[in-house]
Amino acid sequence: MSTLVIAEHDNNGLKVSTLNAVAAAQVMGGEIDILVAGANCGAVATAAAAVPGIGKVLVADNVVYEHQLAENVSLLIAEVAAGYDNILAPATANCKNFLPRVAALLDVAQISDITSVESADTFQRPIYAGNVIATVQSTDAKKVITVRTTAFDGAPAEGGSAVIESLDVVHDAGISSFIGEEVVVSERPELTAASVVISGGRGMQNGENFKLLDGIADKLGAAIGASRAAVDAGFVPNDMQVGQTGKIVAPDLYVAVGISGAIQHLAGMKDSKVIVAINKDEDAPIFQVADYGLVADLFDALPELEAQL
Amino acid sequence: MKVLVAVKRVVDYNVKVRAKADGTDVDLNNVKMSINPFCEIAVEEAVRLKEAGTATEVIAVSVGDKSCQEQIRTALALGADRGIQVETESKVEPLVVAKLLKAVVDKEQPQLVILGKQSIDGDNNQTGQMLGALANMGQGTFASEVAVEGDKVNVIREIDGGLQTVSLKLPAIVTTDLRLNEPRYASLPNIMKAKKKQLDVYTPADLDVAVTSHITQKKVEAPAERKAGITVKDVEELVDKLKNEAKIIS
Chain Y
0 MSTLVIAEHD
10 NNGLKVSTLN
20 AVAAAQVMGG
30 EIDILVAGAN
40 CGAVATAAAA
50 VPGIGKVLVA
60 DNVVYEHQLA
70 ENVSLLIAEV
80 AAGYDNILAP
90 ATANCKNFLP
100 RVAALLDVAQ
110 ISDITSVESA
120 DTFQRPIYAG
130 NVIATVQSTD
140 AKKVITVRTT
150 AFDGAPAEGG
160 SAVIESLDVV
170 HDAGISSFIG
180 EEVVVSERPE
190 LTAASVVISG
200 GRGMQNGENF
210 KLLDGIADKL
220 GAAIGASRAA
230 VDAGFVPNDM
240 QVGQTGKIVA
250 PDLYVAVGIS
260 GAIQHLAGMK
270 DSKVIVAINK
280 DEDAPIFQVA
290 DYGLVADLFD
300 ALPELEAQL
Chain G
0 MKVLVAVKRV
10 VDYNVKVRAK
20 ADGTDVDLNN
30 VKMSINPFCE
40 IAVEEAVRLK
50 EAGTATEVIA
60 VSVGDKSCQE
70 QIRTALALGA
80 DRGIQVETES
90 KVEPLVVAKL
100 LKAVVDKEQP
110 QLVILGKQSI
120 DGDNNQTGQM
130 LGALANMGQG
140 TFASEVAVEG
150 DKVNVIREID
160 GGLQTVSLKL
170 PAIVTTDLRL
180 NEPRYASLPN
190 IMKAKKKQLD
200 VYTPADLDVA
210 VTSHITQKKV
220 EAPAERKAGI
230 TVKDVEELVD
240 KLKNEAKIIS
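Just so you know, the protein sequences line up as chains Y and G, in that order.
When we follow numbering that gives the first Met the number 0, the leftmost residue of the first sequence carries the number 0, and every step to the right adds one.
When we follow numbering that gives the first Met the number 0, the leftmost residue of the second sequence carries the number 0, and every step to the right adds one.
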């Protein structure tokens, strides 16, 4: 059996989510190669080659893949896929964008967001916002899969020395182009990679009050997230959203502030190691999953917490 | 220009879904069904394009058994002009839905197809992208802003860490994210009017698409429960527990 893992990267570095997908591929067993599609992405290929247990790193380094536009990258992956039994990618926004296109080009199903590998063709995945876990079996000869990164501990990043092979395949579908990007530059760690996350919900009352989380986040080296309710209310941008339709996180410590604990939020954070909830409503469902619950007004508790850390 | 909007009938987002005791499937007996929230955003966006004079006709399409006509009527009440139901009793996988939608696209030749980014039942997040591949159209997934300009559409997309803008040649696919718009409520007169709007029904055979299955659902079960912890009396105790019991901070 052979598996191709699609690298998540920004042309400068390999994202750790790739290592989670590699870990899932290792559970499946067999040979594992990594595909890096980008432009001037040599550093990414070098990093991918250092992952232990990888046979080959295939690099498609061309300007048409620079922004990994789904229309172009999917044609590339579908072609390279011919030599593999499984195509795996981390379930990041980027891979979720192009991988279903690959599946359709190959005329196979995609199995989204797997949380466990039961056997070579059987997987578990959360459905209904994580209310239910489904065990599904694929009948396709070639399997296209996205991996929920928080469900698999990342494979080691160093120690390997895979062969780097460059691909001269250039696919430009000519139907889409990249215009621009507004990426939030932050001193803080990325939400999905942070070991501590502190999130605010509707109880924060407005966007301005999210500043109350800043000092605590600074002291804990935490990323700041939000519930969908806080995003819907316009307090903060959607890229901060933790939940089934936002980002899935599983840090060592998750602090939920003014978050009631709607199922769709819980689905995005309940695999965190330690959960702290601060809410003035003692009946809030968030307390049912919290290791430490503090029933308090967040406007009193937050400054106090900052002072005591 | 014509806009095609896909809508799906799903369990209402307020319902807490449970697995059946025998683990064969989720229990959908007597639960409230609604239009998938992301599809509702898609309908709203299409109707706004029509109100802005960009779209000339909005067609709502759904794949499912007869009951999904209810969600098509909802879309019509929100402002879609006519509906199409692709009638099937089978549980259809995203690849098949994409193939059926591709056949409808071939028939109707819309310039823009708007879908929800995912449905809140299967949480697959695939159909729009698959349709893009099958119809060889560009895709603006997870859209938070859509602007049609001449023969192109510019889409601002929600990506990890921020926003990305892409320009797509029309015809193109858009899948909606939460912040694209806030859907309106259907007014009673519009609900009445919707009942009289045209709704065509096709079978997969009419569209020359085979309803195949690539995935077997073996079992569904409740997720592992996380046990509730303790309530601390104040911030001081919280910090103490985190330091000395959980040993998570120093």
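Positions of the beta carbon are idealized from the N, C-alpha and C atoms, including for glycine.
| Check | Outcome |
| --- | --- |
| Does the beta carbon of Glu78/Y sit closer than 9 Å to a beta carbon anywhere in chain G? | no |
| Roughly how far, in whole angstroms, is the beta-carbon of Arg100/Y from the beta-carbon of Gln128/G, given that I think they are within contact range, below 8 Å? | 5 Å |
| Assign Val256/G to one of three DSSP states: helix, strand, or coil. | In the structure displayed, chain G extends from 0 to 249; residue 256/G sits before or after that span and is not available. |
| Do Asp270/Y and Ala150/Y have their C-beta atoms within less than 9 Å of each other? | yes |
| Specify whether the stretch 166-183 of chain G and the stretch 196-204 of chain G touch according to this definition: at least 3 beta carbon pairs, one from each stretch, less than 8 Å apart. | no |
| Under the three-state reduction of DSSP, which class applies to Gln263/Y: helix, strand or coil? | helix |
| So what's Pro125/Y in DSSP terms, helix, strand or just coil? | strand |
| Can you tell me which of the three DSSP states Met129/G falls into? | helix |
| What's the call for Gly233/Y, buried or exposed, on a 16-neighbour Cβ count within 10 Å? | exposed |
| Below 8 Å on the Cβ atoms is my contact criterion, and I expect Val4/G with Ala74/G to pass it. Report the Cβ-Cβ distance as a whole number of Å. | 7 Å |
| By the 10 Å Cβ neighbour count, where 16 or more other Cβ atoms means buried, how is Thr17/Y classified, buried or exposed? | buried |
| Would you list, in sequence order, the uninterrupted beta strand (DSSP E) runs of no fewer than 3 residues that lie entirely inside the stretch 152-216 of chain G? | 161-168, 171-175 and 198-201 |
| Give the C-beta separation of Asn10/Y and Asn39/Y to the nearest angstrom, bearing in mind that I take them to be a contact with Cβ-Cβ under 8 Å. | 6 Å |
| Cβ of Gly78/G within 9 Å of Cβ of Val60/G? | no |
| DSSP three-state call for Ser271/Y: helix, strand or coil? | coil |
| Whole angstroms are fine: how far does the CA of Ala221/G sit from the CA of Gln84/G? | 33 Å |
| Can you name the residues that DSSP bridges to Asp115/G? | Note on identity: in this sequence residue 115/G is Gly, with Asp being the wrong assignment. For Gly115/G, which the question treats as bridged, DSSP gives the partners Thr175/G. |
| Please compile the residues from chain Y whose C-beta is within a distance smaller than 9 Å of the C-beta of Ala97/G. | Pro99 and Ala103 |
| If I measure Cβ to Cβ from Ala49/Y and keep anything under 6 Å in the same chain, skipping five residues before and after, which residues do I get? | Glu157 and Gly159 |
| Answer with buried or exposed for Gly22/G, where buried requires no fewer than 16 other C-beta atoms within 10 angstroms of its C-beta. | exposed |
| What residues match up with Glu86/G in a beta bridge as DSSP calls it? | Gly63/G |
| Taking a contact to mean a Cβ-Cβ separation below 9 Å, would you say Leu104/Y touches Leu74/Y in this structure? | yes |
| Just to confirm, does Val169/Y get its C-beta within under 8 Å of one of the non-hydrogen atoms of the ligand GTP? | Ligands displayed in this structure: none; no statement on the ligand GTP is therefore possible. |
| For chain Y, find out if any of its Cβ atoms is closer than 9 Å to the Cβ of Leu94/G; answer yes or no. | yes |
| For Gln110/G, decide whether its Cβ has a neighbour in chain Y, counting only Cβ atoms nearer than 9 Å. | no |
| Per DSSP, what are the beta-bridge partners of Asp80/G in this structure? | Partner(s): none; Asp80/G has no beta bridge. |
| Tell me whether the beta-carbon of Val58/Y lies closer than 9 Å to the beta-carbon of Leu34/Y. | yes |
| What did DSSP end up calling Leu237/G once you bin it into helix, strand or coil? | helix |
| According to DSSP, is Ser249/G helix, strand or coil? | coil |
| Round the Cβ separation of Gly137/G and Ala102/G to the nearest angstrom and send it over; I've been treating them as touching at under 8 Å. | Not a contact, Cβ separation roughly 20 Å. |
| Using alpha carbons as the reference points, say which of Thr55/G, Val95/G and Ala245/G lies closest to Met0/G. | Thr55/G |
| Got a sec: is the Cβ-Cβ distance from Gln70/G to anything in chain Y below 9 Å? | no |
| Could you list which residues in chain G have their beta carbon closer than 8 Å to that of Phe286/Y, in chain order? | Ala227 and Thr230 |
| Does the Cβ of Ile178/Y have 16 or more other Cβ atoms within 10 Å, making it buried, or fewer, making it exposed? | exposed |
| In whole angstroms, what separates the C-alpha of Val182/Y from that of Gly161/G? | 4 Å |
| Is Val196/Y closer than 9 Å to Ile215/Y when the C-beta atoms are compared? | no |
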